[in-house]
Structures are given as C-alpha cells and as structure tokens.
Amino acid sequence: MKWLGNELPITILDLSGIPSEITSSISGTLLKIIYDGLFWGVNTKVGGKNQPLLIVLEEAHSYLKAGEHSISSRTVQMIAKEGRKYGVGLLLVTQRPSELDETVLSQCGTMIALRMNNSKDRGHIRSAVQDELQSMVDLLPSLRTGEALISGEAVKIPSRVKFFKIANAPKSSDPKASEKWLEKIDDPQKEYKQLLKSWRNKNYKI
C-alpha cells in the first residue's frame with residue numbers, strides 16, 4: 001500500500017546496499033510484485049488503469065543484461081511488451097545501452113541519448129531508432145555536456161536539445177581538478193576520520 005497507494009507522487013527503492021550477486025533477484029522480485037498487483041487489480045481504484053505508474057530503472061544495465069534469463073530480465077521484458085495496456089510505463093536509465101537486452105530496447109517509444117563515444121553503444125542506439133533517423137546517431141560523439149538527441153513519441157520531430165542544469169546539485173557535477181588540487185587541507189587527519197565515519201554509516205551528512 002505504501003508503494004502503490006502513497007499520497008506522495010514518488011517512491012524510491014534504494015537497492016545500492018544489496019550485494020551485487022543478488023541484486024538481480026531482489027529487483028526482479030520487487031518488479032514482479034508491483035506489476036502483478038497493478039495487472040490483477042487493473043479495475044480497482046489503485047490498479048494500473050486508474051492509477052498509472054512509471055517505473056524508473058536507474059543503472060538498468062546492472063540487472064538487465066543482454067542474454068540473461070533472470071527474473072528481473074523476464075519481468076522487465078514483460079513490462080516493456082505489455083505494461084502500457086495496463087497503465088505501467090518503463091523508463092530505462094543507463095550509460096551502457098549495448099549491455100541492455102535488445103528486445104526491451106526496441107520497445108522504447110522515446111529515446112533520449114546524450115554524448116556517446118563508444119561505437120558499440122551507438123550501434124545499439126542506431127538499431128533502435130527509425131531508419132530515417134540513422135544519421136542523427138552520428139552526431140552523438142560531438143554533443144556537448146548537457147546536450148541530447150530526442151526522438152520518438154515525446155517529441156513531434158527529432159530534436160537536439162540542451163538541458164538546464166539542476167541548481168544545488170554538487171554530487172552530480174564534476175569537480176574542477178585544476179582548482180581542487182591547489183586547495184590546502186588544514187587538518188587531513190580530521191578529514192579522514194570524517195570520511196571513515198561517513199563510510200561506515202553510509203551517510204553523506206554527518
């Protein structure tokens with residue numbers, strides 16, 4: 001009920017602390033529970049038809065590898081193929097599209113591609129877009145930071161866009177090495193103790 005009927009619009013399931021050996025099984029089981037609930041309760045007020053859900057899979061390549069037959073892979077394939085009919089959408093976020101299952105990638109209605117230098121990754125994107133848009137993929141290595149190519153159902157025509165940067169997001173911005181290396185640390189021992197404390201407590205703010 002907290003996942004599907006919560007008053008807040010976003011629920012985050014953080015699996016980062018789970019060992020990588022079982023991440024696929026845990027994530028797949030959670031996805032199966034959520035999807036089955038929305039599927040079988042489709043005609044209820046909290047079912048997928050009356051309360052559509054968008055599932056965002058961050059770092060999708062880590063538990064949706066091509067050629068795998070894990071529960072997470074099977075469930076994501078099912079959602080990609082059939083989910084829209086029952087009010088369940090899917091958003092895959094990855095830096096390595098070449099490692100994703102091609103069946104799932106081909107089901108994506110909209111593609112947002114940022115700068116991409118790896119030819120294998122570009123090949124996967126090229127195979128997923130329409131034939132008349134193949135030449136756009138050649139632009140990917142030349143995109144600047146924050147630029148992207150968008151094609152598909154979300155836009156009327158394929159577009160090259162520039163995203164606004166999020167304010168107050170230090171963790172997502174790259175440090176300027178040339179400036180940081182020149183800064184002097186007054187008490188390194190104290191800072192390393194703080195580092196260990198944050199590490200052990202898995203908490204940035206201590």
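For the sequence shown, position 47 matches number 47 in UniProt numbering, and the numbering has no gaps at all. Idealized CB from N, CA, C, for every residue including glycine.
Report the option in Val155, His124 and Lys85 whose CA atom is closest to the CA atom of Leu140. If we check each option's Cα against that of Leu140, His124 comes out closest.
Spell out the partners DSSP gives Thr110 in its beta bridges. DSSP lists Gly152 as the bridge partner or partners of Thr110.
Once the 5 residues before and after Ser72 are set aside, which same chain residues still bring their CB inside 6 Å of it? Closer than 6 Å at the Cβ level, and outside the excluded window around Ser72, lie Ser24, Ser27, Gly28 and Tyr63.
By DSSP, does Arg126 sit in helix, in strand, or in coil? Arg126 sits in a helix when the DSSP states are folded into three classes.
Contacting residues, own chain, Cβ-Cβ under 7 Å from Val56 (five flanking each side not counted): Same-chain partners within the cutoff: Leu91 and Val93.
Segment contact, 8 Å Cβ cut-off, at least three pairs: the stretch 116-136 with the stretch 147-166: The stretch 116-136 vs the stretch 147-166: in contact.
Quick one, which of Lys2, Lys193, Pro175 and Gln189 has its alpha-carbon nearest Ile12's? Distances from the CA of Ile12 to each of Lys2, Lys193, Pro175 and Gln189 were compared; the closest alpha carbon is that of Lys2.
Is Pro52 near the ligand MG, judged by its Cβ being under 7 Å from some heavy atom? Of the ligands one can find in the structure shown there are none, so the ligand MG has no counterpart to examine.
Close Cβ partners of Ile18 (< 7 Å) along its chain, the five nearest in sequence each way excluded: Only Ile26 meet the Cβ criterion.
In this structure, how does DSSP classify Ile55 when only helix, strand and coil are distinguished? If DSSP states are grouped into helix, strand and coil, Ile55 belongs with the strands.
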